[in-house]
Amino acid sequence: MLMDFDEYLDRLDLTSLTFEQLYRCRPISLIKTGDADDDGNRIIMPQSALDRLGYVHIEYPMQFQIQNVSTLETSYCGVLEFVADEGFAHMPTRMMDHLGLEEDDLVLLRRTSLPKATFVKLQPHTADFLAVSDPRHLLECSFRNYVCLTAGETITVTEGERKYYLDVVETRPADAVCTIETDCEVEFEQPLDYKEPVPEITWRMRALNLDAFADFP
């Protein structure tokens, strides 16, 4: 007896399907203008990628492992849009630098699913971050540019015209975690350039419970 289409989909194990694709990398600035897009870890992929992902069981927000084919250096990212030219993926400059990529180098993208972040430890590069009036609000806004965080990488947070760089010292429950729609405790280490005794302001910044982040594709 012939199966109808709905029955076929019920029997098909979509979780066994995957997405792996090679792309030439290019800076996101060639398509998008503005620091917000270049500061995060969301990339721009071709429309064909979205078409293929439609046949794969995916969890939202979309998450990918990205790998430098030459060095095997890896990181994790989300997706911003599907408007890149066929065969290319556009990514933030800091991500390219971290992976040791030059324009038109090959990268391998794999669909993945990271655990929700429960704890993140950050270390500011400079002591002026201690003067931020509302670090919780700043991080909640800035983390919207980051679908995931990976221990050992550096992120950028922006307050007005001022940029702050923070090293991701530790993440739980894994070395790479998803930061979207999760309640996450954030702890700070002393800034890299801090030399004086730790002021009282650092104690109120020791632990922040961030509210659930907004939903993104």
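The opening residue of the sequence shown carries number 1214 in my numbering; numbering runs sequentially from there.
By construction, the Cβ of each residue, glycine as well, lies at the ideal position given by its N, Cα and C atoms.
Note on the region 1272-1303: whole beta strand (DSSP E) runs with a minimum of 3 residues are 1276-1281, 1287-1297, in chain order. Under the DSSP assignment, residue 1324 falls in the beta strand (DSSP E) whose first and last residues are 1319-1325. With three or more CB-CB distances shorter than 8 Å, the region 1329-1341 counts as touching the region 1398-1406. Rounded to the nearest whole angstrom, the CA to CA distance from residue 1350 to residue 1376 is 15 Å. In this structure, the beta-carbon distance from residue 1309 to residue 1254 does not fall below 8 Å. Looking from the CA of residue 1282, the closest CA among 1344, 1238, 1298, 1324 belongs to 1238. Between the region 1271-1279 and the region 1314-1328 there are three or more C-beta pairs closer than 8 Å, enough to call the two in contact. Residue environment analysis places residue 1344 among the exposed positions, since fewer than 16 neighbouring C-beta atoms fall within 10 angstroms of its C-beta. Around the C-beta of residue 1355, 16 or more other C-beta atoms lie within 10 Å, and the residue is accordingly described as buried. For residue 1389, the uninterrupted beta strand (DSSP E) run begins and ends at 1389-1391, by DSSP.
Between residue 1397 and residue 1331 a beta carbon distance of about 6 Å is seen, short of the 8 Å cut, so the two are scored as contacting. In the three-state scheme derived from DSSP, where H, G and I count as helix and E and B as strand, residue 1356 is classed as helix. Per DSSP, residue 1264 lies in no beta strand (DSSP E) segment; the continuous alpha helix (DSSP H) that holds it begins and ends at 1260-1266. Closest by C-alpha distance to residue 1346, out of 1371, 1382, 1272, is 1371.
Counting C-beta atoms within 10 angstroms of its own C-beta, residue 1366 has 16 or more neighbours from the protein chains shown and is therefore classed as buried. CA-CA distance, residue 1290 to residue 1378, rounds to 18 Å. The alpha-carbon separation between residue 1380 and residue 1362 amounts to approximately 10 Å. Our two residues, residue 1258 and residue 1407, have alpha carbons roughly 40 Å apart in a direct line. For residue 1231, the secondary structure class from DSSP, reduced to helix, strand or coil, is coil. Close CB contacts of residue 1300 within its chain, under the 8 Å cut and outside five residues either way in sequence, are with 1236, 1237, 1259 (chain order).
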